[in-house]
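The sequence shown lines up with residues 4 to 157 when you count with our numbering.
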Amino acid sequence: MSSEISLAWREPISDDEMADLVRSHGGIAPDDWWATIRPHSLGWVSARDDAGLLVGFVNVAWDGRDHAFLLDTKTRGSRQRRGIGVAVVRFAADQARAAGCEWLHVDFEPPLRKLLPRCLRLPPDRRRPHPSAAMDHADALGRHPVPPVGICPL
Ligand SMILES: CC(C)(COP(=O)(O)OP(=O)(O)OC[C@H]1O[C@@H](n2cnc3c(N)ncnc32)[C@H](O)[C@@H]1OP(=O)(O)O)[C@@H](O)C(=O)NCCC(=O)NCCS
């Protein structure tokens, strides 16, 4: 990751910043998306460039004890494939561990399938593709396969 990107844990992010980040990669962001999600979060990682622009994000929800859940990894569309995703996930795992969590639950959606093994200690059986991983496309009825999930020790 380039050196001018800084990472922070639980740093305030406005709804407008979050909507701009989501739209930058072609996502759909209701105006109050982040305000609705935030109360259920253990914490979140923000990545900003040297001008303060939000370029990366990941949310960590939790069960209130030792299980954390990695959600909504996002990198600004113009800054992808430069290591920001790996950096925010590693930072999130460090923070969840520091908060006392012992397990991190993750989704192996297609964009994250190669990213997550660079950041986390995946159990051996999760290093192999799940059978449904081959089904990247919707079926004739428009249904998407449920993405395989994993749980990693922190
Ligand atoms: C998925 C996402 C967060 C990756 O962020 P990123 O900053 O580009 O990721 P990195 O640069 O750290 O990528 C690390 C590795 O992950 C893999 N990877 C990253 N993006 C990928 C993609 N779109 N498809 C397949 N593999 C991908 C690659 O192996 C990559 O290494 P490489 O660039 O050396 O080939 C980003 O593409 C994104 O925000 N996508 C839109 C939102 C999304 O789908 N989020 C995931 C589900 S919530």
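Using N, Cα and C, we set each Cβ at its ideal position, and we do this for glycine too.
Predicted model only: the values in this text are computed from it and were never measured.
Review point. Whose C-beta lies closer than 8 Å to the C-beta of V89 among residues of the same chain, with five residues either side of it excluded?
Key: M4, L118, R121, C122
Review point. Who does C104 pair with in a DSSP beta bridge?
Key: In the DSSP output, where bridge partners are listed per residue, C104 has none listed.
**Study point:** Selection from G80, G59, L45 that minimises the alpha carbon distance to H28
**Key:** G80
Practice item. Check the DSSP bridge columns for D110 and list the partner residues they point to. Key: V152, per the DSSP bridge assignment.
Review point. Is any heavy atom in ligand 1 found nearer than 6 Å to the beta carbon of E112?
Key: Yes, Cβ of E112 sits closer than 6 Å to a heavy atom of ligand 1.
Practice item. Report all residues from its chain with a CB closer than 8 Å to the CB of V25; omit the five preceding and five following residues, and keep chain order. Key: Cβ within range, chain order: I31, A32, W36, K77.
**Study point:** Closest residue to L56 among L10, A71, V152 (Cα-Cα distance)
**Key:** L10
**Study point:** Proximity below 7 Å, CB of V61 to CB of V48
**Key:** yes
Check your understanding: By a C-beta neighbour count over all protein chains shown, 10 Å radius and 16 as the cutoff for buried, is V152 buried or exposed?
Key -> exposed
Review point. How many Å lie between D53 and D97 at the Cα?
Key: Counting only the Cα atoms, D97 lies some 23 Å from D53.
Practice item. State the start and end residues of the unbroken beta strand (DSSP E) segment that holds S49. Key: 44-51
**Study point:** Separation of R100 from V63, as counted between CA atoms
**Key:** 11 Å
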